[in-house]
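Asker: Which chain is which? The protein sequence lines are A and B, in order.
Heads up, the first sequence is in the working numbering, so the first residue is 209 and it goes up one at a time.
Heads up, the second sequence is in the working numbering, so the first residue is 209 and it goes up one at a time.
A virtual CB, placed ideally from N, CA and C, is assigned to each residue, including glycine.
Got a structure here, written out as structure tokens. Questions coming.
Number of protein chains: 2
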Amino acid sequence: MLEDGCRRMAINYDNFMIKPGEKTRCAQCPVRKLALFKGVALENLEWTQGYREHQFVIKPKRRLMEEGLPSRYAFTLFSGWAALYQTAATGERQIHRFALPGDFIGFRPNPAIPIHYSAQSLTEVTVCAFPVDRLDRILRERTDLSARMMDMNAQSMRLCQQYMLGIGRKSAKERLSFLFLELFHRAKSLAGLLEGTEENSIAFPISQEDMADAMGLTSVHVSRTLKELTDAGLLTVKNRRLTIHNEPDLAELAQFDKKLALIDHPLL
Amino acid sequence: MLEDGCRRMAINYDNFMIKPGEKTRCAQCPVRKLALFKGVALENLEWTQGYREHQFVIKPKRRLMEEGLPSRYAFTLFSGWAALYQTAATGERQIHRFALPGDFIGFRPNPAIPIHYSAQSLTEVTVCAFPVDRLDRILRERTDLSARMMDMNAQSMRLCQQYMLGIGRKSAKERLSFLFLELFHRAKSLAGLLEGTEENSIAFPISQEDMADAMGLTSVHVSRTLKELTDAGLLTVKNRRLTIHNEPDLAELAQFDKKLALIDHPLL
DNA sequence: CGCTGAGTTGATGACAATCAACTCGGGTGG
DNA sequence: CCACCCGAGTTGATTGTCATCAACTCAGCG
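Right under this line is the structure:
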């Protein structure tokens with residue numbers, strides 16, 4: 209299942225670029241209120257900061273982690289877009305999730321078990337790296353963090369299941385509409401954290417091939433379907449920018465419920 | 209998205225049948241070591257037992273919970289098989305997961321948010337019901353339980369993603385092979401807890417329509433594909449029983465890795 | 001004995017995959 | 001500065017996998 213001709217080298221994090229200049233301070237971090245440390249009291253943030261080991265800056269289209277290989281770190285995405293995916297025997301990708309700032313990448317309760325998916329940067333990306341072999345202990349000590357982690361898990365579980373429903377049971381048009389709305393609203397909910405976000409359009413660094421890999425289609429078919437959606441006046445994707453022209457119709461087509469999509473569980 | 213002609217009545221748990229005779233005792237429960245309370249020390253089991261509110265016995269093809277509706281309980285499946293699924297606008301189902309004894313059904317960190325999937329019994333089923341509005345507090349108090357819950361989440365996340373890879377990127381034959389091997393090994397790992405488990409065959413109460421709904425196919429196509437797999441001498445499904453005849457070839461076809469499938473994270 | 005639900009089989013058709021040629025725009029290097 | 005290249009996307013022609021529709025079998029059951 210794992211031998212596929214390509215050399216499978218462990219990711220060497222030493223090659224990653226350390227963020228130049230001073231590390232950002234957790235206490236002032238705009239991402240924090242979305243991320244794992246949401247709800248961590250200010251007086252505890254020095255502690256958080258000590259636990260964070262590095263901030264890396266990663267160029268577009270680089271792998272952050274690779275399925276089947278051990279990985280020393282889990283990451284909070286600080287800026288940029290990434291894709292999490294798995295590879296079939298034929299080499300085809302299935303993208304599980306697009307990660308946006310605040311998302312946690314590579315968490316697993318047992319660090320000894322290799323991770324089963326890969327992660328790739330789509331844009332230039334900055335991540336905060338946490339050594340995974342200490343995560344479990346920290347989650348045991350800090351019930352607020354483990355509750356927060358469970359919230360985030362529940363979120364991505366719901367999203368994963370919604371992707372499944374789409375891939376298994378919906379047409380190409382419905383799937384793509386859903387994808388666009390999902391990413392549109394997630395991006396908009398990040399407000400100032402993603403540059404280029406406007407009233408009805410967002411920066412959108414996703415290629416048609418990525419869309420295809422996320423929705424179980426081919427890039428050729430995405431191209432055609434996208435044309436249909438565009439011709440219907442629902443949206444445009446141009447110059448790495450997604451614009452929604454007719455959200456109500458798009459939402460109906462996609463069977464997308466904004467209210468459910470944007471739940472971010474409050475800390476309990 | 210929710211109005212679909214069928215009347216959406218909240219599940220009335222008062223109609224459920226209380227397990228006749230004495231409730232099983234958690235301390236002696238054979239399921240416990242697989243379930244949420246795995247690793248809970250014996251001296252704490254009285255406490256566990258007090259938290260469990262009911263044991264219900266449910267006939268085949270009844271709903272345990274329904275998407276979009278509030279639900280007072282989360283369940284540990286004590287015996288039998290169940291299916292967790294979501295419904296598209298057209299009424300088509302996508303099954304996310306088949307639940308086996310020990311599986312936890314209906315957990316969500318925030319009980320106020322309605323659950324987004326439905327659950328249906330496939331066989332007669334016995335469940336232990338835990339009031340969901342107390343779960344969050346308990347998970348905060350007991351870090352061993354929240355760690356265990358995260359393990360179980362990670363498991364079902366992995367499985368969900370593997371289903372996604374199959375539905376999005378694999379042929380009908382590959383998908384079904386995967387499904388059979390996955391269920392076969394999960395059932396076998398439950399050893400004595402599922403009756404009718406033998407060396408290379410298990411009781412298999414899943415209809416072809418269920419298989420179709422899990423793998424993004426139609427029941428007609430499942431029938432044909434199943435015939436191909438049978439004719440190839442790989443397996444047989446007959447009289448609600450699955451028999452694996454040629455596991456190596458089946459595993460290669462399915463791209464199924466037994467080692468990865470059976471990881472149950474040890475308590476950390 | 002007929003009813004019912006699950007499964008089978010055949011005929012047909014649709015949606016998406018595949019193969020291939022081509023455009024377009026943005027680098028890069030001569 | 002221009003030629004060239006490259007990756008991304010577009011478009012057309014064709015194929016194929018799976019869906020759909022429909023008729024039928026078969027076992028279980030009241």
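Kindly list, in the order they appear in chain B, the residues whose Cβ is closer than 8 Å to that of residue 358 (chain A).
Answerer: The sequence position of residue 358 (chain A) within the first sequence is 150, counting from 1. Ordered by position in chain B, the residues that pass the 8 Å Cβ test against residue 358 (chain A) are 317, 347, 354, 357, 358, 361.
Asker: Report the option in B:252, B:465, B:386 whose CA atom is closest to the CA atom of residue 437 (chain B).
Answerer: For this step, residue 437 (chain B) is matched to residue 229 along the second sequence. Among B:252, B:465, B:386, the Cα nearest to that of residue 437 (chain B) belongs to B:386.
Asker: Determine contact between the region 307-314 of chain A and the region 326-337 of chain A, defined as no fewer than three beta-carbon pairs at a distance below 8 Å.
Answerer: Yes, the region 307-314 of chain A touches the region 326-337 of chain A.
Asker: Using only CA atoms, which one of A:238, A:319, A:301, A:278 lies nearest to residue 285 (chain A)?
Answerer: Your numbering for residue 285 (chain A) matches position 77 in the first sequence. Considering only alpha carbons, the answer is A:238.
Asker: According to DSSP, simplified to helix, strand and coil, what is residue 312 (chain B)?
Answerer: Start at 1 with the first residue of the second sequence, and residue 312 (chain B) comes out as number 104. Residue 312 (chain B): strand per DSSP, three-state reduction.
Asker: Take residue 223 (chain A) and list the residues in its own chain whose beta-carbon comes closer than 8 Å to its own, dropping the five residues that flank it on each side.
Answerer: On the first sequence, residue 223 (chain A) is found 15 positions in, with the first residue counted as 1. Result list for residue 223 (chain A): empty, nothing under 8 Å.
Asker: Going along the region 218-237 of chain B in order, which residues come within less than 9 Å of chain A, judged by CB to CB distance?
Answerer: From the region 218-237 of chain B, no residue has a Cβ closer than 9 Å to chain A.
Asker: Which residues of chain A have a Cβ atom closer than 8 Å to the Cβ of residue 502 (chain B), listed in chain order?
Answerer: Here chain B comprises residues numbered 209 to 476, so residue 502 (chain B) is not present and cannot be evaluated.
Asker: May I have the straight-line CA-CA distance separating residue 258 (chain A) from residue 366 (chain B), to the nearest angstrom?
Answerer: Along the first sequence, one-based indexing puts residue 258 (chain A) at 50. Along the second sequence, one-based indexing puts residue 366 (chain B) at 158. Computed Cα separation, rounded: 30 Å.
Asker: Since residue 384 (chain B) and residue 423 (chain B) are thought to touch, with beta carbons under 8 Å apart, how far apart are those beta carbons, to the nearest angstrom?
Answerer: Along the second sequence, read from residue 1 onward, the residue named residue 384 (chain B) stands at position 176. Along the second sequence, read from residue 1 onward, the residue named residue 423 (chain B) stands at position 215. With 8 Å as the limit, residue 384 (chain B) and residue 423 (chain B) qualify as a contact, their Cβ atoms being about 6 Å apart.
Asker: Output yes or no for whether 9 Å exceeds the beta carbon distance between residue 542 (chain B) and residue 292 (chain B).
Answerer: A query on residue 542 (chain B) cannot be resolved here, the shown segment of chain B reaching from 209 to 476 and no further.
Asker: Taking the C-alpha atoms as reference points, what is the distance between residue 325 (chain A) and residue 380 (chain A)?
Answerer: Stepping through the first sequence from its first residue, residue 325 (chain A) is reached at position 117. Stepping through the first sequence from its first residue, residue 380 (chain A) is reached at position 172. Cα-Cα distance, rounded: 24 Å.
Asker: Do we get a CB-CB distance below 9 Å when we pair residue 351 (chain B) with the residues of chain A?
Answerer: Along the second sequence, one-based indexing puts residue 351 (chain B) at 143. By this cut-off, residue 351 (chain B) is an interface position.
Asker: Can you list, in chain order, the residues of its chain whose CB lies under 8 Å from that of residue 444 (chain A), leaving out five sequence neighbours each side?
Answerer: Here residue 444 (chain A) is taken as the residue at index 236 of the first sequence, counted from 1. So the qualifying residues of the chain are 438, 450, 451, 453.
Asker: Roughly how many angstroms separate the alpha carbons of residue 213 (chain A) and residue 269 (chain A), rounded to a whole number?
Answerer: As a working mapping, residue 213 (chain A) is identified with position 5 in the first sequence. As a working mapping, residue 269 (chain A) is identified with position 61 in the first sequence. Per-residue confidence for residue 213 (chain A) stands at a pLDDT of 35, beneath the threshold of 50, marking its modelled position as unreliable; no derived number is given.
Asker: I'd like the list of long-range same chain contacts for residue 313 (chain B), defined as Cβ closer than 8 Å, with 5 residues on each side in sequence excluded.
Answerer: Within the second sequence, residue 313 (chain B) is the residue found at index 105, counting from 1. 272, 273, 282, 283, 284, 285, 290, 292, 307, 327, 335, listed in sequence order.
Asker: Going along chain A, which residues have a C-beta under 8 Å from residue 416 (chain B)?
Answerer: Along the second sequence, one-based indexing puts residue 416 (chain B) at 208. Ordered by position in chain A, no residue passes the 8 Å Cβ test against residue 416 (chain B), which lies about 16 Å from the chain.
Asker: Under the DSSP definition of a beta bridge, which residues are partnered with residue 335 (chain B)?
Answerer: Looking up residue 335 (chain B) in the second sequence gives position 127. Residue 335 (chain B) pairs with B:264, B:285.
Asker: Which chain B residues are close to residue 296 (chain A), counting only those with a beta carbon under 7 Å from its beta carbon?
Answerer: In the first sequence, counting from the first residue as 1, residue 296 (chain A) sits at position 88. In chain order: 373, 377, 378, 463.
Asker: Look at the alpha carbon of residue 466 (chain A) and the alpha carbon of residue 460 (chain A), and state the distance between them as a whole number of angstroms.
Answerer: Along the first sequence, read from residue 1 onward, the residue named residue 466 (chain A) stands at position 258. Along the first sequence, read from residue 1 onward, the residue named residue 460 (chain A) stands at position 252. So the two alpha carbons sit approximately 11 Å from each other.
Asker: Which bits of chain A does residue 468 (chain B) rub up against, with CB to CB less than 8 Å?
Answerer: The sequence position of residue 468 (chain B) within the second sequence is 260, counting from 1. Per Cβ cutoff of 8 Å: 324.
Asker: Is residue 359 (chain B) closer than 9 Å to residue 318 (chain A) when the C-beta atoms are compared?
Answerer: Here the question's residue 318 (chain A) lines up with position 110 in the first sequence. Here the question's residue 359 (chain B) lines up with position 151 in the second sequence. Going by C-beta atoms, residue 318 (chain A) is nearer than 9 Å to residue 359 (chain B).
Asker: Whose C-beta lies closer than 6 Å to the C-beta of residue 417 (chain B) among residues of the same chain, with five residues either side of it excluded?
Answerer: The count along the second sequence starts at 1 and reaches residue 417 (chain B) at position 209. Closer than 6 Å at the Cβ level, and outside the excluded window around residue 417 (chain B), lie 427.
Asker: Within the region 408-457 of chain A, note down every full beta strand (DSSP E) run reaching 3 residues or more, in order along the chain.
Answerer: Taking only runs of at least 3 residues, the beta strand (DSSP E) segments lying wholly in the region 408-457 of chain A are 409-411, 443-446, 449-452.
Asker: In the DSSP assignment, the alpha helix (DSSP H) including residue 345 (chain A) goes from what residue to what residue?
Answerer: Counting from one through the first sequence, the residue named residue 345 (chain A) turns up at place 137. Its alpha helix (DSSP H) spans residues 340-349.
Asker: To the nearest angstrom, how far is the alpha carbon of residue 344 (chain A) from that of residue 364 (chain A)?
Answerer: If you number the first sequence from 1, residue 344 (chain A) lands on position 136. If you number the first sequence from 1, residue 364 (chain A) lands on position 156. Rounded to the nearest angstrom, the two C-alpha atoms are 19 Å apart.
Asker: Can you tell me whether residue 195 (chain A) is buried or exposed? The criterion is at least 16 other CB atoms within 10 Å of its CB, across all chains shown.
Answerer: There is no way to answer for residue 195 (chain A), as the model of chain A reaches only from 209 to 476.
Asker: So what's residue 475 (chain A) in DSSP terms, helix, strand or just coil?
Answerer: For the purposes of this step, residue 475 (chain A) is identified with residue 267 of the first sequence, where counting begins at 1. Legend: pLDDT at residue 475 (chain A) = 36, less than 50; position of this residue unreliable, value from coordinates given subsequently. Reduced to three states, the DSSP call for residue 475 (chain A) is coil.
Asker: Along the beta strand (DSSP E) that carries residue 290 (chain A), what are the first and last residues, could you check?
Answerer: Numbered from its first residue, the first sequence carries residue 290 (chain A) at position 82. Segment 290-295, the beta strand (DSSP E) holding residue 290 (chain A).
Asker: With 8 Å as the C-beta to C-beta threshold (strictly closer), list the residues of the region 423-434 of chain A near chain B in chain order.
Answerer: Of all residues in the region 423-434 of chain A, 423, 424 have a Cβ within less than 8 Å of some Cβ in chain B.
Asker: I want to see whether chain B comes within less than 9 Å of residue 393 (chain A), judged by CB atoms only; does it?
Answerer: The sequence position of residue 393 (chain A) within the first sequence is 185, counting from 1. No - not a single Cβ of chain B is within 9 Å of the one on residue 393 (chain A).
Asker: Can a CB atom of chain A be found closer than 9 Å to the CB of residue 301 (chain B)?
Answerer: Within the second sequence, residue 301 (chain B) is the residue found at index 93, counting from 1. Output row for residue 301 (chain B): interface = yes.
Asker: Is DSSP giving residue 375 (chain A) helix, strand or coil here?
Answerer: Locating residue 375 (chain A) in the first sequence gives position 167, where the first residue counts as 1. The answer is helix: DSSP assigns residue 375 (chain A) an H, G or I state.
Asker: Counting only beta-carbon separations shorter than 9 Å, does residue 252 (chain B) have a partner in chain A?
Answerer: In the second sequence, the residue the question calls residue 252 (chain B) occupies position 44. Chain A, which has no Cβ nearer than 9 Å to the Cβ of residue 252 (chain B), makes this no.
Asker: In the DSSP assignment, find the alpha helix (DSSP H) that holds residue 394 (chain B) and state where it starts and stops.
Answerer: Counted from its first residue, the second sequence places residue 394 (chain B) at position 186. From DSSP, the alpha helix (DSSP H) with residue 394 (chain B) extends over 380-397.
Asker: Report the residue from B:252, B:254, B:287, B:470 whose alpha carbon sits nearest the alpha carbon of residue 267 (chain B).
Answerer: As a first step, residue 267 (chain B) is located in the second sequence; it is residue number 59 there, counting from the start. When each option's Cα is compared against that of residue 267 (chain B), the closest is B:287.
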